[in-house]
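*Asks:* Residue numbers (mature numbering (1 follows the signal peptide of the UniProt record, and there is no 0)): -19 to -1, 1 to 196.
Here it is: the structure, laid out below.
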């Protein structure tokens, strides 16, 4: 009798833990090479197509490696080789757009993103991507960021600062001393958190170009 009761308690505990575990905030839809994921608690795993990305995860692409993640609001994020990207706080609920938020960080490397419903329907201040030199806010767009301050060996020596390109829509780029709206066909090079920057033709800014496997 006691053994049966113990087994029942263990079963109920396992079911409760499963229900309490948060659902992934994104799914890996394309992958090239080796990509590592570290949870906020420090546990590490290897990325695989169909696998999930959770809040607090840090995603790191190795040399020659790429990844595409689709968030639950349909936001698409591509990471180029040699990138480190973190999901700081993401929440999407179709029934409560005013509570949605997407706070992401590009620690190094480069990304290309197409926004989802959080950016389109939620509060503008609840979407941002932090980079080493700036913060990006968007509303209905596709853009890329290349962090040239942390290039892998053999990278383009002429690439400086954060190079931001807008392909569709517009974004707002902010650092500690400046704020600029960058529209489709334009770009910006943000050298430092402490220096003003200007809007440039996109042809003068380094883009992020995914391989055919991750387009």
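C-beta atoms are modelled at their ideal positions from N, C-alpha and C, and glycine is treated no differently.
Report the three-state DSSP secondary structure of residue 157 (helix, strand or coil).
*Replies:* Coil, per DSSP.
*Asks:* Would a C-beta distance cut-off of 8 Å place residue 128 and residue 104 closer than the cut-off?
*Replies:* Going by C-beta atoms, residue 128 is not nearer than 8 Å to residue 104.
*Asks:* For residue 186, report the span of its alpha helix (DSSP H) as first-last.
*Replies:* First-last for residue 186: undefined, no H or E at that position.
*Asks:* Might you give, ordered along the chain, the residues of its own chain that have their beta carbon closer than 8 Å to the beta carbon of residue 85, omitting 5 neighbours on each side?
*Replies:* Only 58, 66, 67, 68, 69, 71, 109, 110, 111 meet the Cβ criterion.
*Asks:* Note down the Cα distance separating residue 187 from residue 63, rounded to an integer number of angstroms.
*Replies:* Whole-angstrom Cα-Cα distance: 16 Å.
*Asks:* For a test of the three-state rule: what should DSSP assign to residue 7, helix, strand or coil?
*Replies:* Note: residue 7 maps to strand in three-state DSSP.
*Asks:* From which residue to which residue does the alpha helix (DSSP H) around residue 101 run?
*Replies:* Taken as a continuous stretch (DSSP letters only), the alpha helix (DSSP H) holding residue 101 covers 98 to 102.
*Asks:* By how many angstroms is the C-alpha of residue 126 removed from the C-alpha of residue 118?
*Replies:* So the alpha carbons of these two residues sit roughly 12 Å apart.
*Asks:* Express the C-alpha separation of residue 87 and residue 174 in angstroms, rounding to a whole number.
*Replies:* Their Cα atoms are separated by approximately 15 Å.
*Asks:* Below 6 Å CB to CB, which residues in the same chain sit around residue 153 once its five sequence neighbours on both sides are set aside?
*Replies:* So the qualifying residues of the chain are 118, 162.
*Asks:* In whole angstroms, what is the alpha-carbon distance linking residue 196 and residue 139?
*Replies:* Near 26 Å, if we compare the C-alpha coordinates of residue 139 and residue 196.
*Asks:* For residue 144, is the classification buried or exposed, using 16 other Cβ atoms within 10 angstroms of its Cβ as the cut-off for buried?
*Replies:* Buried, because 16 or more other Cβ atoms sit within 10 Å of the Cβ of residue 144.
*Asks:* From the DSSP output, in three-state form, read off residue -11 for me.
*Replies:* Since pLDDT at residue -11 reaches only 45, below the 50 mark, its modelled position is unreliable, and no value is offered.
*Asks:* With distances taken Cα to Cα, identify the nearest neighbour of residue 83 among 7, 18, 146, 47.
*Replies:* Residue 83 has its Cα closest to that of 7, out of 7, 18, 146, 47.
*Asks:* Which residues does DSSP pair with residue 149 in a beta bridge?
*Replies:* In the DSSP output, where bridge partners are listed per residue, residue 149 has 123.
*Asks:* Could you give the first and the last residue of the continuous beta strand (DSSP E) run that contains residue 92?
*Replies:* Taken as a continuous stretch (DSSP letters only), the beta strand (DSSP E) holding residue 92 covers 82 to 95.
*Asks:* On the CB-based measure, 16 or more other CB atoms within 10 Å of its CB, does residue 47 come out buried or exposed?
*Replies:* Looking at its Cβ environment, which holds 16 or more other Cβ atoms inside 10 Å, residue 47 is buried.
*Asks:* Taking 7 Å as the line, does the beta carbon of residue 55 fall inside it for any heavy atom of the ligand NAP?
*Replies:* As presented, the structure is devoid of all ligands, the ligand NAP included, so that no description of it is given.
*Asks:* Using only CA atoms, which one of 164, 15, 14, 189 lies nearest to residue 150?
*Replies:* Closest by alpha carbon: 164.
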